[in-house]
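Q:
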Amino acid sequence: METLSPLLPLIGSLVGVLLTGAIGVATYSWQERAKRQTELTERRQRLYEDLNGALFGLILAKTSQDRRRILADIEKGWLFASDDVLAALFDYMDIYDRHWVDAKGDIQSLIQADETARRQIEMAMADIFLAMRRDLRSTQISESLAKDYMHFYQCGMLAGDPIEITSPD
Numbered sequence: 031m032e033t034l035s036p037l038l039p040l041i042g043s044l045v046g047v048l049l050t051g052a053i054g055v056a057t058y059s060w061q062e063r064a065k066r067q068t069e070l071t072e073r074r075q076r077l078y079e080d081l082n083g084a085l086f087g088l089i090l091a092k093t094s095q096d097r098r099r100i101l102a103d104i105e106k107g108w109l110f111a112s113d114d115v116l117a118a119l120f121d122y123m124d125i126y127d128r129h130w131v132d133a134k135g136d137i138q139s140l141i142q143a144d145e146t147a148r149r150q151i152e153m154a155m156a157d158i159f160l161a162m163r164r165d166l167r168s169t170q171i172s173e174s175l176a177k178d179y180m181h182f183y184q185c186g187m188l189a190g191d192p193i194e195i196t197s198p199d
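Here it is, written out as structure tokens:
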């Protein structure tokens, strides 16, 4: 034991250095993980903001060029959207596409005139928006409440005059 006595301060120092290093690596790893998660959440938030505009823009689009541009924006969801958002988005696109064919490309006029088609599109959008909320934060909004809240307004989407879409470029 006497021979180890002079080594105890050295061993204690080594243990201290190793412990400090391990704590430093763990802290760094945790900070980097939190940073990556924050960046992903911010990307998703920007994506969802753009998707929100694209979904309404798709209803208002009058030219095939506008529709193609908007559909390309919607397809960007594959990059960062959650699986639940993607599922809701593609359910919406199926409903939209079916009504687009029935409306001969004029969805806005269809939702102004056909309450059943309007409610189907509103409910599909509610599913998307709720999936987005759930992806970005915990929410107390139930699916039924989201569907009760989601509707097109007379002063907006249901207004008599079609709204022109302009490219942000």
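Each residue of the sequence shown is one higher than the one before, counting from 31 in the numbering used here.
A virtual CB, placed ideally from N, CA and C, is assigned to each residue, including glycine.
Classify V115 as buried or exposed, calling it buried when 16 or more other Cβ atoms lie within 10 Å of its own Cβ.
A: buried
Q: If you pair each beta-carbon of the stretch 89-99 with each one of the stretch 130-150, do three or more pairs fall below 8 Å?
A: yes
Q: Tell me the residue span of the alpha helix (DSSP H) that contains E145.
A: Here the alpha helix (DSSP H) through E145 covers E145 to L166.
Q: Given a cut-off of 7 Å, decide if A118 and I151 are closer than it, judged by their beta-carbon atoms.
A: no
Q: Going by beta-carbon coordinates alone, are A176 and L160 separated by less than 7 Å?
A: Yes, Cβ-Cβ distance for A176 and L160 is below 7 Å.
Q: Which same chain residues, not among the five before or five after S43, have their C-beta less than 6 Å away from its C-beta?
A: none
Q: Can the beta-carbon of A147 be found less than 7 Å from the beta-carbon of H129?
A: yes
Q: Less than 8 Å between C-beta atoms, sequence neighbours within five positions excluded: which residues of the same chain meet that for L77?
A: K106, G107, L109, F110 and A111
Q: Could you check whether Y122 and A154 sit closer than 7 Å to each other, using their CB atoms as the reference points?
A: yes
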